[in-house]
Structure formats: structure tokens, C-alpha cells
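Read the structure below first, then the notes.
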Amino acid sequence: MKSEEADNIEELNNLPVDSIRIAPYLSELKQKAEAEVSIRHLNLSATFLIRFLQARDFDVALALKVWVSNS
158 MKSEEADNIE ELNNLPVDSI RIAPYLSELK QKAEAEVSIR HLNLSATFLI RFLQARDFDV
218 ALALKVWVSN S
């Protein structure tokens, strides 16, 4: 899942952590992170994952790729 529009990204970044609009991104990243042996033991809290997604403009594939390559 990737957020395509810049306005959408800014809007997502301003939502509260428990927003239902963030939930699909969070769920997908958490599921993929749990499947990665190199990172599944790390902090998978919603707060951490959302900050990680925000830093990568809610691009789940990029977030996971960067996370795995730096672990």
C-alpha cells in the first residue's frame, strides 16, 4: 500500500495514532514486519510503526525495505 498524493500524505501525518484512516497502513506494515525474521523481535508497537510510516510518506513497501536493510 502506498499513499500517492502529497496532500493525502500531509493529511495522514496530521491524524491521531488511532485514526481508522491510518489503520490499513499500520496493519499491513505490522503483518509484513512479523513475517521478517530479522525484525520480528523488535518493537512493533503502533506508535513506533506509525512514526516509521510517517517518515516514509506511508509507503509500506519502502518502510519495510529500509527497516529490514538497517536491521
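According to this note's numbering, the residues represented by the sequence shown are 158 to 228, in order. Backbone N, C-alpha and C fix where the C-beta goes; we use that ideal spot for every residue, glycine too. The model shown is predicted, which means the values in this text are computed figures rather than measured ones.
Check                                                                                                  : Outcome
Simplified DSSP assignment, three categories, for residue 194                                          : coil
Of the residues 174, 176, 182 and 173, the one placed nearest residue 213, counting alpha carbons only : 182
Residue 205 - containing alpha helix (DSSP H), residue span                                            : 203-212
Closest Cα partner of residue 172 within the set 215, 219 and 220                                      : 215
Test item: CB-CB of residue 221 and residue 190 under 8 Å                                              : yes
For residue 174, the first and last residue of its enclosing alpha helix (DSSP H)                      : Where residue 174 is concerned, there is no enclosing alpha helix (DSSP H), given that its DSSP letter is neither H nor E.
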